[in-house]
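Working notes for the structure below.
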Amino acid sequence: MADQNIFGIAGLLGWPVAHSRSPVIHNHWLAHYGIPGRYVLFPVPPSMLEAAVHGIAALGLRGCNVTTPHKQAIFPLLDRVDDLARKIGAVNTVVVEKDGTLTGFNNDGNGFIQSLRDADPKWRPDSGPIVVLGAGGAA
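Each residue of the sequence shown is one higher than the one before, starting from -10 at the first, in the numbering used here.
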């Protein structure tokens, strides 16, 4: 189990992931703030997802982000999935809890709402209609 006082190791679990810029972004901010840890890629083909999920806590990881094609397939492999992830129908973040169990979350909705508030601090959900262009992860 990971020491809860340090960041440790986290990463991006998906297939394929070699194109991802996530390690560059996350490792930059870890170094910038002097946080001991690394963010790495976990290229996991669908046939190995169950084994990979079982290894998350066993290897001492703090958690991982989840990308295509695992955002739905990971649901039954987790100990808990929060209500928002269930409503959205996808998990994009897995956290290793202090007891070693795994909880799935989805941060897309919160990120979308925050971007609206950043653009207009007076924005409220009842401010009127908004438009989302695209579909799936590209939207």
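Yeah, the Cβ is synthetic: ideal placement off N, Cα and C, and Gly gets one too.
- Residue 91 carries a strand assignment under DSSP once its states are collapsed to helix, strand and coil.
- Under the Cβ criterion (8 Å, minimum of three pairs), the segment 36 to 53 does not count as touching the segment 70 to 80.
- Secondary structure at residue 32: strand, using DSSP grouped into helix, strand and coil.
- Contact between the segment -3 to 5 and the segment 28 to 40 is present: 3 or more CB-CB pairs across the two stretches fall below 8 Å.
- Annotated three-state conformation of residue 2 is strand, per DSSP.
- With 16 or more other CB atoms across the displayed protein chains lying within 10 angstroms of its CB, residue 51 is buried.
- Counting of Cβ neighbours within 10 angstroms places residue 17 among the exposed residues, the total staying below 16.
- Rounded to the nearest angstrom, the gap between the Cα atoms of residue 59 and residue 70 is 14 Å.
- Measuring C-alpha to C-alpha distances from residue 53 to each of 87, 88, 92, 106 identifies 92 as the nearest.
- Residue 81 sits in coil when the DSSP states are folded into three classes, being neither helix nor strand.
- Look at residue 44 here: in three-state DSSP terms it is helix.
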